[in-house]
Amino acid sequence: MRLLDTAGLRTSSSQLEREGIARTEKSLQLADLRLHISDRSMPKPPHLQERNEDSTEIMVLNKSDLLEHSDWQDFHALRISCLTGEGLPQLQKEILTRITGQNLRPESGVAINARHCDCLHRALESCDRAARSQTQGLSPEYSAIDLNEALQAVGEVIGVVDVEQILDSVFSQFCIGK
Numbered sequence: 020m021r022l023l024d025t026a027g028l029r030t031s032s033s034q035l036e037r038e039g040i041a042r043t044e045k046s047l048q049l050a051d052l053r054l055h056i057s058d059r060s061m062p063k064p065p066h067l068q069e070r071n072e073d074s075t076e077i078m079v080l081n082k083s084d085l086l087e088h089s090d091w092q093d094f095h096a097l098r099i100s101c102l103t104g105e106g107l108p109q110l111q112k113e114i115l116t117r118i119t120g121q122n123l124r125p126e127s128g129v130a131i132n133a134r135h136c137d138c139l140h141r142a143l144e145s146c147d148r149a150a151r152s153q154t155q156g157l158s159p160e161y162s163a164i165d166l167n168e169a170l171q172a173v174g175e176v177i178g179v180v181d182v183e184q185i186l187d188s189v190f191s192q193f194c195i196g197k
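Take 20 as the starting number for the sequence shown in the working numbering and just add one per residue.
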């Protein structure tokens, strides 16, 4: 995931600021998800007077701890306060829903790359094997082996590895000559 904090959208006489705005517009076209954050205590900017929200955009009004300007009345947006934290859990949930297409809890997490996904699948399979071993009445040693494999797979995701694993990884992925 790559996050960008871009220049605001407005008209400007400054060449430097216009360049920043042009880059913002280009980034917006390429983005998978956009958070449009406005100050709800200020008047609504002209570019928001007629807008069509789509699934790649989340409208956010910040400063819900302050009085809302009348321009924002009946405006569909999440209302948050970065100062007090009000509304931030709802924003997290909405971001997760839009990114994953699923209604996940923020604390449930998302695997961010293919290697993490693979590790977590291996961990789940190992846990399933351990549970089956127990329900089949097998010796606890069988479950211990599977649970150890699950622990190692999760350790790869969170960065817990031992020296042997690092060396094995280096020598298996790179050609190191004499």
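Heads up, the beta-carbon is just placed ideally off N, CA and C, and yes, glycines get one too.
- Taking the CA atoms as reference points, residue 171 sits about 33 Å from residue 110.
- Around the beta carbon of residue 93, fewer than 16 other beta carbons lie within 10 angstroms, which makes this residue exposed.
- When 97, 102 and 101 are compared, the shortest CA-CA separation from residue 112 is found for 97.
- Going by C-alpha positions, residue 30 is about 29 Å away from residue 114.
- For residue 173, the enclosing alpha helix (DSSP H) starts and ends at 159-177.
- Judged by their CB atoms, residue 83 and residue 117 are not nearer to each other than the 9 Å cut-off.
- Taken through DSSP and simplified to helix, strand or coil, residue 42 comes out as helix.
- In this structure, the straight-line span from the alpha carbon of residue 107 to that of residue 160 is close to 45 Å.
- The alpha-carbon of residue 156 is positioned some 15 Å away from that of residue 165.
- When rounded, the separation of the alpha-carbon atoms in residue 144 and residue 169 is 8 Å.
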